[in-house]
Amino acid sequence: MSDSVRITGLGHDFEMPVVGSVDGPAGFDISRLLATTGFTSYDDGLANTASTKSAITYIDGDAGILRYRGYPIEELAEQSTFLETAYLVIYGELPTATQLAEWEDRIRRKTMVDERMREFFRMFPRRSHPMPVLASGLMMLSTFSFDSLGESPRAIEKATERLIAKVPTLAAYGYKNSRGEAMLYPDNSLSYIENFLRMSFGYPTEAYAFHDEITRALDVLLILHADHEQNCSTSTVRLIGSSGANIYASVAGGVNALSGPLHGGANQAVVEMLAAIKDSGISVKEYVQQVKDKKTGIKLMGFGHRIYKNYDPRAAIIKQHADAVMNLKAGRRDLLEIAQELEQAALGDDYFVERKLYPNVDFYSGLIYEAMGFPKEMFTVLFAIGRLPGWIAQWRELRSNPKAKIGRPRQIYVGPAKREYVPIHERD
Ligand code: CMC
């Protein structure tokens, strides 16, 4: 491949060096474009723009491939644990047995939050959505984290461990508050996932009974969410971090970006859609017709992806676990059946085939979370716990680049041209 690309026209001759990649598309470096030609690039939704170089996650959307640090998602889901995968995503290599034991220990020792934070959590209205509660909890955590707000390697390390350790505690406290139930202290004799399940569903009065299948299914679900390169929330984390803002502020921004229904909020929206189909008595065929009719503005939630133009590999793995969890717990089998019917109908329909719309990670995940006992409002919080290592790794990668610039896109102005101020008594 040539190492530069030339564009000529409109009186300009502009040469763009090619930025090579290990896998996937290479890029053109357009950093001199505006200065040389007077033109900026225009890329709605940044669909064609690489905003950074990154060594964390690789996706081939046409082939349905996802790898963290080179390791295929299928192998990690089969053999790894969430904490091991978090280590891999953040530090770049699989840990040795000693490194993993030390990492797990460091996390385990940081699971508690300041007592005043538990009290603060009681101030949130019971009906508040757990996503803004989590985002607020993260900002609150930053106010209790004087020694890990700085830029020294030690401070960044401390913040990394505090975030991985405490976010499940904050998530569980938000949930317990919504139920008006006691917020349990973490039990550090338990694994990361067990601890979270007990803090979410346990009571101080009795021992919590674990189901290995559920613990493992949640572990796998979190692994599947651990990173996904420059998606909306991760780009938000990087953009906030690029101003020099600390990791807590950046990750809280990521939680807020994730909450939208086109992103992580889709897992809640899918289950609401399935329940609405069920309650209205409409057939799957009719619903698909409504989705295809653009005038309705209805989307098939949990379908389609900016990058995947093939089956989302995460959805395929989740689907395998759906049955196991539902066999154990009384999940919404009725909704699972509607989901399966919808998938069949869509995959055989020209509208979806032509646009390469396949089930994404959110299509089946909510149904499993629901079978585990989580209310739909908690689904995106679970996504956030899973995505945390990715946000941290991406923030750290940004910080480790001494040449990193503040993120500051251009615009193409289409508002009124210059005009003169009209005094109020002269206005119609
Ligand atoms: N239902 C119906 N039509 C769709 C859908 C859908 N779910 N997704 C895309 N399309 C159509 C879209 O209307 C457009 O049609 P046309 O070419 O006729 O204008 C075409 O497919 C291309 O879609 P797009 O909107 O240009 O694609 P995008 O890359 O900008 O958007 C997306 C990607 C994920 C936002 C979109 O597919 C979507 O809204 N899906 C539903 C929400 C969802 O499930 N989000 C979760 C995404 S995966 C996990 C995550 O990121 O959190």
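Heads up, my numbering is the position in the sequence shown plus 31, with the first residue counted as 1.
C-beta: ideal position from N, C-alpha, C; glycine also.
Remember, predicted model here, so these are calculated numbers, not experimental data.
Closest by C-alpha distance to V53, when choosing among I90, D75, N287, T67: Taking the sequence shown and counting its residues from 1, one reaches residue 53 at position 22. Closest option to V53, Cα to Cα, is I90.
Helix, strand or coil for V445, going by three-state DSSP, please let me know. In the sequence shown, the residue the question calls residue 445 occupies position 414. Correct three-state label for V445: coil.
Take V5 as the anchor and find which of F59, I416, P292, Y318 has the nearest alpha-carbon. One cannot answer for residue 5 here, as it falls past the ends of the chain, which runs 32 to 459.
For S143, which of helix, strand or coil comes out of DSSP? In the sequence shown, counting from the first residue as 1, residue 143 sits at position 112. Correcting the residue type first, residue 143 is Met in the shown sequence and not Ser. Correct three-state label for M143: coil.
Where does R210 land, buried or exposed, given buried means 16+ other C-beta within 10 angstroms? Your numbering for residue 210 matches position 179 in the sequence shown. Exposed.
For the pair the region 177–190 and the region 271–290, tell me if three or more CB-CB distances fall below 8 Å. yes
Give me every residue whose Cβ sits closer than 6 Å to any heavy atom of the ligand CMC, in chain order. Residues flagged by the Cβ proximity filter: G76, N262, L293, H294, G295, A297, V322, K330, L331, M332, G333, F334, G335, H336, R337, R386, L388, N391, V392, D393.
By how many angstroms is the C-alpha of H43 removed from the C-alpha of T67? Stepping through the sequence shown from its first residue, residue 67 is reached at position 36. Stepping through the sequence shown from its first residue, residue 43 is reached at position 12. Cα to Cα, the separation comes out at about 8 Å.
Ends of the alpha helix (DSSP H) at Y206? In the sequence shown, residue 206 corresponds to position 175, counting from 1. Counting along the chain, the alpha helix (DSSP H) containing Y206 begins and ends at 184–210.
The beta strand (DSSP E) with F155 in it runs from where to where? The count along the sequence shown starts at 1 and reaches residue 155 at position 124. Here F155 belongs to no beta strand (DSSP E), and DSSP marks it neither H nor E.
With DSSP as the reference, label V384 as helix, strand or coil. For the purposes of this step, residue 384 is taken as residue 353 along the sequence shown, with counting starting at 1. Looking at V384 - three-state DSSP - the assignment turns out to be helix.
Status (buried if at least 16 other CB within 10 Å, exposed otherwise) for D93: Looking up residue 93 in the sequence shown gives position 62. Label assigned to D93: exposed.
Length of the line joining the Cα atoms of R439 and T116: Here residue 439 refers to the residue found at position 408 of the sequence shown. Here residue 116 refers to the residue found at position 85 of the sequence shown. So the two alpha carbons sit approximately 32 Å from each other.
Contacts around S72, its chain only, beta-carbon distance under 7 Å, and the 5 residues preceding and following it disregarded: Residue numbering aside, residue 72 sits at position 41 when the sequence shown is read from its first letter. The answer, listed in chain order, is I61, L64.
Is it right to say N521 is buried, meaning 16 or more other beta carbons lie within 10 angstroms of its own, or is it exposed? Because residue 521 is not part of the residues shown, which for the chain are 32 to 459, the question remains open.
Kindly indicate which three-state DSSP category E46 falls into: helix, strand or coil? Reading the sequence shown from its first residue, position 15 is the one you call residue 46. If DSSP states are grouped into helix, strand and coil, E46 belongs with the strands.
Return the CA-CA distance between L305 and F45, expressed in angstroms with no decimal places. As a first step, residue 305 must be located in the sequence shown, where it is residue number 274. As a first step, residue 45 must be located in the sequence shown, where it is residue number 14. If I take the Cα positions, the gap works out to 52 Å.
How big is the Cα-Cα spacing for G272 and S183? Here residue 272 is taken as the residue at index 241 of the sequence shown, counted from 1. Here residue 183 is taken as the residue at index 152 of the sequence shown, counted from 1. Between the alpha carbons of G272 and S183 lies a gap of roughly 15 Å.
Alpha carbon of G55 to alpha carbon of G168, nearest angstrom: The count along the sequence shown starts at 1 and reaches residue 55 at position 24. The count along the sequence shown starts at 1 and reaches residue 168 at position 137. Cα-Cα distance, rounded: 38 Å.
Report yes if the CB atom of K360 is closer than 8 Å to the CB atom of M332, and no otherwise. Here the question's residue 360 lines up with position 329 in the sequence shown. Here the question's residue 332 lines up with position 301 in the sequence shown. Not in contact: K360 and M332 (Cβ atoms no closer than 8 Å).
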